Amino acid sequence: MDRRSIEYWESVTGQRNVTWIPHGVDVDYFRPLMSRSVGPFRVVFAGQHDRDFEALSQVVRTVAERTSDIHFVLIGKHQQLKELASQVPNAVQVENLTDEEYLKALQEADLLLLPLLSSTVCNVVLEGMACGTPVVTTGGGIEDYLEDESAVVVLKGDVEGMVDAILVQADVRSGHKLSSHSARRQSERFSWSEVSRRHVELYASALQ
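The sequence shown lines up with residues 0 to 207 when you count with numbering that gives the first Met the number 0.
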């Protein structure tokens, strides 16, 4: 859940007794590469639940029309991903990745693109950030896990906003680059050890 949910759950309980504790990520497993292979600017998309495939399709097609220097890796089984990869030269669709292959895809990505229909927390966002991959995604609750130095958050369906964000990040001359180091640092706020500590503190306070 996100902080926006607190008000709803307090209305259910009838008391101001709801505490928000964020979701966590394994920052020991999901981690940046020491060095990365040289290649084209790589944008990764992953998942299926609550993904905005229509917006994704428009973003990928629009970027491909404007430049051939950006490559997309589309991870998932959704039919629209397969169709998109078959129609856009610089897009590939992959599925049934092993854990190691999925980790490598996130580590080698320059940007994580995740258009969402709704959002509170998303494992892929946390896993990407832990790998040092900046994020372009849709607002609606996921902002609780993001910061401006390593993420661009747009309104749902804002195709042009996502396109602009990708092009800016891919432009070597851009002075508005998102920070890989900031993405990693932000993810460490949600390490399982930190999240577990907050749970223990909450239980301890409830027993007092």
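The beta carbon of each residue, even a glycine, is placed where N, CA and C say it ideally should be.
Only a predicted model underlies this, so the values are computations on that prediction, with no experimental measurement involved.
- DSSP lists no bridge partner for glutamine 207.
- Here DSSP, grouped into helix, strand and coil, assigns valine 26 to coil.
- Distance from the CA of cysteine 121 to the CA of tyrosine 101, rounded to the nearest whole angstrom, comes to 16 angstroms.
- Excluding five sequence positions before and after tryptophan 8, the CB atoms of its chain that fall closer than 6 angstroms to its own CB belong to Val17, given in chain order.
- Beta-bridge partners of threonine 132 (DSSP): none assigned.
- The DSSP-derived three-state label of alanine 45 is strand.
- Taking a C-beta distance under 9 angstroms as the contact criterion, isoleucine 69 and leucine 96 do not qualify as a contact pair.
- Bounds of any alpha helix (DSSP H) do not take in isoleucine 74; it lies within the beta strand (DSSP E) bounded by 69 to 74.
- Distance from the Cα of arginine 65 is smallest, within the candidate group Val199, Asp163, Leu206 and His180, for Asp163.
- Relative to the Cα of histidine 175, the nearest Cα in the group Val151, Met33 and Phe44 belongs to Val151.
- Cβ atoms of alanine 45 and proline 114 stay farther apart than 8 angstroms, at about 12 angstroms.
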